[in-house]
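Colleague: The letter at position 93 of the sequence shown is residue 105 when you use the working numbering, and the numbering goes up by one with no holes. Dumping the structure here so I can ask a few things about it.
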Amino acid sequence: MELLVAAGIGILTMVGIYLVLRAHTFPVILGLTFLSYAVNVFLFAMGRLTIDRPPVITPDAVAYTDPLPQALVLTAIVISFGMTALIVVLALRGFLETGSDSAHLDAPRTDKGDAS
């Protein structure tokens, strides 16, 4: 099971890095999403996978699971959602300003606002 989780984290990271290094904004957004999923699975796996054990202290429970990784993953999900929303807005604004989704700084710009 650990090998499968590690391979999944590696594949998510590999795909994320490949997409982030592309020169267009939409693959960058997808790549950051894959990287955030990889980090979330990594954080969750670091807390060890335990099944059928409560994270809250109860008198009848024999053993407990660590709730800290779950709290970290929930926080990371919220932060990555906000980050993704910001990047989508920036990419959309860049597309509306330049007319292209290219991330090259030396790309030719089209002046859409000039009527002359």
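Ideal Cβ placement from N, Cα and C applies to all residues, glycine included.
Exposed or buried, T40, counting other C-beta atoms within 10 Å across all chains shown (16 or more means buried)?
Modeller: Note that residue 40 corresponds to Val in the displayed sequence, not to Thr. Per the 10 Å Cβ criterion, buried.
Colleague: Out of curiosity, what's the CA-to-CA distance linking S128 and L108?
Modeller: For S128, the predicted model reports a pLDDT of 43, less than 50, meaning its position is unreliable; a value from the coordinates is still stated below. Cα to Cα, S128 sits roughly 19 Å from L108.
Colleague: Does the Cβ of A50 have 16 or more other Cβ atoms within 10 Å, making it buried, or fewer, making it exposed?
Modeller: Buried, because 16 or more other Cβ atoms sit within 10 Å of the Cβ of A50.
Colleague: Classify A127 as helix, strand or coil using the three-state DSSP reduction.
Modeller: Bear in mind that a pLDDT of 46 at A127, under 50, signals an unreliable position, so the model cannot answer this.
Colleague: Go ahead and label T37 buried or exposed: buried means 16 or more other beta carbons lie within 10 angstroms of its beta carbon, across all protein chains shown.
Modeller: Burial call: buried.
Colleague: Sorted by chain position, which residues of the same chain lie with C-beta nearer than 6 Å to L31's C-beta, five sequence neighbours on each side aside?
Modeller: P39, L42, G43.
Colleague: For T70, count neighbouring C-beta atoms within 10 Å of its own C-beta (all shown protein chains included) and say buried if the count is 16 or more, exposed if not.
Modeller: It counts as exposed.
Colleague: Rounded to a whole number of angstroms, what is the C-alpha to C-alpha distance between F46 and G28?
Modeller: Cα-Cα distance, rounded: 5 Å.
Colleague: Pick helix, strand or coil for T110, following the three-state DSSP scheme.
Modeller: Note: T110 maps to helix in three-state DSSP.
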